[in-house]
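Taking it in order: structure first as structure tokens, then the write-up.
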Amino acid sequence: MSSLSRELVFLILQFLDEEKFKETVHKLEQESGFFFNMKYFEDEVHNGNWDEVEKYLSGFTKVDDNRYSMKIFFEIRKQKYLEALDKHDRSKAVEILVKDLKVFASFNEELFKEITQLLTLENFRENEQLSKYGDTKSARAIMLVELKKLIEANPLFRDKLQFPNLKNSRLRTLINQSLNWQHQLCKNPRPNPDIKTLFVDHSCGQPNGARAPSPASNPLLGGAVPKPGGFPPLGAHVPFQPTPAPVPTPLAGWMSNPPTAAHPAVSGGPIGLGGPPIPAGLKHPRTPPTNPSVDFPSGDSEHPSKRTRPMGNDEVNLPVNVLPVSFPGHAHSQTFNATDDLPKTVARTLNQGSSPMSMDFHPIQQNLLLVGTNVGDIGLWEVGSRERLVQRNFKVWDLSACTIPLQAGLVKEPGVSVNRVIWSPDGSLFGVAYSRHLVQIYSYHGNDDVRQHLEIDAHVGGVNDLAFSHPNKQLSVITCGDDKLIKVWDAQNGAKQYTFEGHEAPVYSVCPHYKENIQFIFSTALDGKIKAWLYDNLGSRVDYDAPGRWCTTMAYSADGTRLFSCGTSKDGESHIVEWNESEGAVKRTYQGFRKRSLGVVQFDTTKNRFLAAGDDFSVKFWDMDNTQLLTNSDADGGLPASPRIRFNKDGTLLAVSANENGIKILANPEGLRMLRNYENLAFDASRASEAAKPTVNPMSSAVASSAGLTDRVGPVVGLSAMNGDVKPRITEETNDKSKIWKLSEINEPSQCRTLKLPENLRVTKISRLIYTNSGAAILALASNAIHLLWKWQRSDRNSSGKATATVSPQLWQPSSGILMTNDAADTNADEAVSCFALSKNDSYVMSASGGKISLFNMMTFKTMTTFMPPPPAATFLAFHPQDNNIIAIGMDDSTIQIYNVRVDEVKSKLKGHSKRITGLAFSNVLNVLVSSGADAQICVWSSDGWEKQKSRFLQLPPGRPPTAQSETRVQFHQDQIHFLVVHETQLAIYEATKLECVKQWAPRESAAPISHATFSCDSQLVYASFLDGTVCIFTASHLRLRCRINPSSYLPSSVSSNVHPLVIAAHPHEPNQFALGLSDGSVHVFEPLESEGKWGVPPPAENGSASSVPTTPLVGGSAQDQAQR
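Count the sequence shown with our numbering and you get residues 38 to 1162, in order.
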């Protein structure tokens, strides 16, 4: 069935529901299998209508489809059996045992015997596993919680749990629009025509009520072709679909050998006799049924009182490892042009010197582009400044370690080409796959510091692709080659971990991924075969033919939920398709390629929304949800027939290979701003370097060369200078006034962009503040335990829909009007410590205000669960970076509890502080947890065994004793090795492995204390707020002040002088945006003027060792004082 026919079914479902055809609605849901109505299912389970429950389920799955389906049916039939026993209806129980439960005997004979033995008991609760079975109502409710988790985890129900976001009476609206169009075509249109039938086209010249047409000519049935300008027949676009796998399986429905790993959100283990465990109330989220930001045009004015059908239970519970949530329509139905988001403007043109074959942007420093060429060269470009930081020609590092065939081949023909370059997920390594045997892995230490890490003689013949992956929480390198093999290597020592055999042709590409805690690899070969492998030695789980059956690559959308492939056949026919993972079949095929592509087409995905491919001397773009070509760009000409392309992580830049060894950088408006910022930083750095020219120790030239560029380079560079041997010498030529650095002071509202967010009168003080990970909202927690959420919407003035100081957001609440309010402590609200942590996909927030910890659904504001009543009370919360089931909870009794939400159990209790915990931060590189407390102590704990590794007390400045309420906060730098320490008396940068302070800054004794501080999203800046209302912005690499924002710039004179910032938060994607939470309950967003693009100018390097720890004055100091520091 085509996608349009499917949509027609949804329109009919909405119509039937609005017209109250209740039984018909659910019958159509079941027969079509398009929408599983969870609310209806819950009602039937609660009412014990077991026959209807199974009948409804049968439209979506069968008992033996997969392990999730099997457990769903088992739980239902077991409950039905127990209820019969509870009523002492033995004959009914025997019937259920024989008819319904015996099917499970073949899977677990012992369990079936145990179930049968329940017939011999007077009360089945005598069985230990069933001793906690309550009454029928509570047992059904507990079972339903487990059923919902199983359904949401079952791949067969994927995309079937959310009803589309439709305007009221959408089908009527479309019919009205059709009738209006027909009426406009009338030769003699009458005013207010009387429409009496829909069976024939309307015409004012003919009497209404003519006979209905035959099905053969009815466009809704796909028969007749409509007139020009009409709607195409439904069902016209049916993509080619290969035969689906006979056995649905855990690898998204593709595999035939199911692994034993259980889905993490579903109770562990196979089906069992005992009732499902009562969870902590955590379940998968579903997208809300309505989206207030979307407004579809409608011609319907007849039914203003009718409401959109909710189509499902709005009481959404969440698991701790929630999948990312997308909001249907939010990104696709705006009034502005969707192509504005695409990078199509040529912003930079680079010349590599040889033809680019593969490119990849750094995952964190998104202005860094890695390039591999047809002669084996690699280059690293900083595209903002157009500077080539690194150029390496091909060279074998250790010829003696190579195989004899490779040594002989290189002597005979030394030429090689790069087939693939790629960064590791954290950007600390990059890999190069060559056309001859070799893979070389480099380590990257910032700026131009690239070092040899590993050289692997990986394959006989060419190495066609390379990727990084994290099986078993350990970084691995995956390669494939002409020898028909896929190999997995340890990224640290180069040891071979796995070899996968099974392809019958050279392996062209690999695509590692994970879902439901199952790690796997897709591979494609030159015979068009797609295979999938788990990290074991049990062979391929999939054998499919890719469209085109030749050179094919595969890629997931950024959120990992949608799988695409792009291939070119030997005849030049190219295909991009999306795969239905639950069936292993092609879901949609995208149109718009040249009939015969001149070369192998490369593609890429971005923003969970767009696809792009290089074809026909241009770049072509598609919306993922539309098979028709969205737009294309020739990048001002000069592109090859099939250009190589690569998006950066945010989709703001697109690198495109060009003729004559060129690379064109295309940008969208956001990308242009980013490049402008980096260009300014490079200019600032060059000016600073003129004022301070370092003399360099010859042994550390790599570090020294970056000293003048610390604000432009990435996180590792920014901090590497701390331990370097750079000894700058301030030049004596200070006569030129333009070379004298001056602190940027902001005193007036006109000197920056600020926005005060809409207020809630019930809130008096902001205690905690954070941007959502999407960057489109700000969440605050007030001292009275109320949460506030401000959301920005897409508009003509804000095309990105991200937080900004130029457009006011909405203080958002769900339609229910409820607030997210924490369980309040019995003590004074101002004395309670507030804390919260946001899930990675912004779906839920865990929060406490001196009482129990609450879990809130961010879409409905409903409380999912509460746990851990005081004492002790929680004072800080942090999610484990690799496992959202694990939470580190700092307590007011100075302990840290490592809590597993899924099993509702404290796994470890860490003791090392003497006062309450005030900060926690995980490093996913070092596998450590850093904690800080009101005792001004920092501790480092191993996140593997939770033993304490090191501890140290802060170096408190003399004359500034901490107050009793002093908090110490910690936050990791992007390099995950250094971290920021914030105390009312100082800011400091520590190195985590040695727990050494490498930089420290303290305000002078008479100045106001620091209230809070945070890194910018790229870790290049530190934003700090003070109790006198001042905000100071530092260059993070050496903690030197570059800009000061005085309270007069954002607080009107009518506001009390006692009002001051308590918390500060940095935007997750915009390095120059931050927000303040104030003591009067208000929140302000700050950005520099567009003409400036940044906060001040970085100060020149210090005169002296870069590793010194200066203690410098701040508040109250003059600009001249700052310049002389």
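Note that beta-carbon positions come from the ideal geometry of N, C-alpha and C, so glycine has one too.
{"query": "What distance in whole Å lies between the Cβ atoms of A885 and A910, which are believed to be in contact at a cut-off of 8 Å?", "result": "7 Å"}
{"query": "One question on the structure: do L1017 and V1059 come within less than 8 Å of each other, judged by their Cβ atoms?", "result": "yes"}
{"query": "The ligand COA and L491: does any heavy atom of the ligand fall closer than 7 Å to the residue's C-beta?", "result": "Absence of the ligand COA is noted for the structure shown, with no ligands found whatsoever."}
{"query": "Can you give the Cα-Cα distance for F557 and A569, rounded to whole angstroms?", "result": "7 Å"}
{"query": "According to DSSP, is M883 helix, strand or coil?", "result": "strand"}
{"query": "Output the boundary residues of the beta strand (DSSP E) element that contains H612.", "result": "S611 to N617"}
{"query": "So what does DSSP say about A1025, is it helix, strand or coil?", "result": "strand"}
{"query": "In the structure shown, what three-state DSSP assignment does E492 receive?", "result": "strand"}
{"query": "CB F97 to CB K197, shorter than 8 Å?", "result": "yes"}
{"query": "In this structure, does DSSP put Q51 in helix, strand or coil?", "result": "helix"}
{"query": "Among all the DSSP beta bridges, which residues are the ones paired with I926?", "result": "L914 and Q934"}
{"query": "Does the stretch 795-805 come close enough to the stretch 822-833 to have 3 or more Cβ pairs within less than 8 Å?", "result": "yes"}
{"query": "At what residue ranges does the stretch 944-1020 contain a whole run of the beta strand (DSSP E), taking only runs of 3 or more?", "result": "954-960, 965-970, 974-979, 985-990, 1006-1009 and 1015-1020"}
{"query": "Any idea if V637 is buried or exposed, counting beta-carbon neighbours within 10 angstroms, 16 or more meaning buried?", "result": "buried"}
{"query": "Counting Cβ pairs closer than 8 Å, one from the stretch 577-584 and one from the stretch 560-569, do we hit at least three?", "result": "yes"}
{"query": "Which residue from S546, D519 and D494 puts its Cα closest to that of W526?", "result": "D494"}
{"query": "Taking the beta strand (DSSP E) that H1049 belongs to, which residues open and close that run?", "result": "I1047 to F1052"}
{"query": "Using the Cα positions of K233 and F47, report the straight-line distance between them to the nearest angstrom.", "result": "25 Å"}
{"query": "So, for Y105: in the same chain, excluding its five sequence neighbours on each side, which residues have a beta-carbon less than 6 Å away from its beta-carbon?", "result": "L187, A190 and N191"}
{"query": "Report the three-state DSSP secondary structure of F1174 (helix, strand or coil).", "result": "With the chain represented from 38 up to 1162, any question about residue 1174 goes unanswered, as that position is not in the structure."}
{"query": "From the DSSP secondary-structure annotation, give me the bridge partner or partners of W570.", "result": "I558"}
{"query": "Decide if the stretch 67-83 is in contact with the stretch 130-147; the criterion is three or more beta carbon pairs, one per stretch, under 8 Å apart.", "result": "no"}
{"query": "Among all the DSSP beta bridges, which residues are the ones paired with W1038?", "result": "L1024"}
{"query": "By alpha-carbon positions, which one of T664, L690 and H1121 ends up nearest to A672?", "result": "L690"}
{"query": "Going by C-alpha distance, which of N202, V1019 and Q1011 is nearest Q974?", "result": "V1019"}
{"query": "Taking buried to mean at least 16 other C-beta atoms within 10 Å of its own C-beta, is A1112 buried or exposed?", "result": "buried"}
{"query": "What does the Cβ neighbour count give for R953, buried or exposed, with the cut at 16 atoms within 10 Å?", "result": "buried"}
{"query": "Do you know offhand how far N961's Cα is from S980's?", "result": "9 Å"}
{"query": "Below 8 Å on the Cβ atoms is my guess for G1130 versus R710; work out the distance and round it to an integer in Å.", "result": "7 Å"}
{"query": "Using the three-state DSSP reduction, which class does S472 fall into: helix, strand or coil?", "result": "coil"}
{"query": "Once the 5 residues before and after T440 are set aside, which same chain residues still bring their CB inside 6 Å of it?", "result": "D494"}
{"query": "Exposed or buried, what is N225 when buried is set at 16 or more other beta-carbons lying within 10 Å of its beta-carbon?", "result": "exposed"}
{"query": "Which parts of the stretch 596-676 are runs of the beta strand (DSSP E), unbroken and 3 residues or longer, counting only runs that do not cross its ends?", "result": "600-605, 611-617, 622-627, 640-643, 647-652, 655-660 and 666-670"}
{"query": "Check for me: the beta strand (DSSP E) holding Y593 runs from which residue to which?", "result": "C588 to Y593"}
{"query": "Where does V940 sit, in a helix, a strand or coil, going by DSSP?", "result": "coil"}
{"query": "Over what stretch of residues does the alpha helix (DSSP H) that includes T410 continue unbroken?", "result": "No alpha helix (DSSP H) contains T410, which is instead part of the beta strand (DSSP E) from L405 to T410."}
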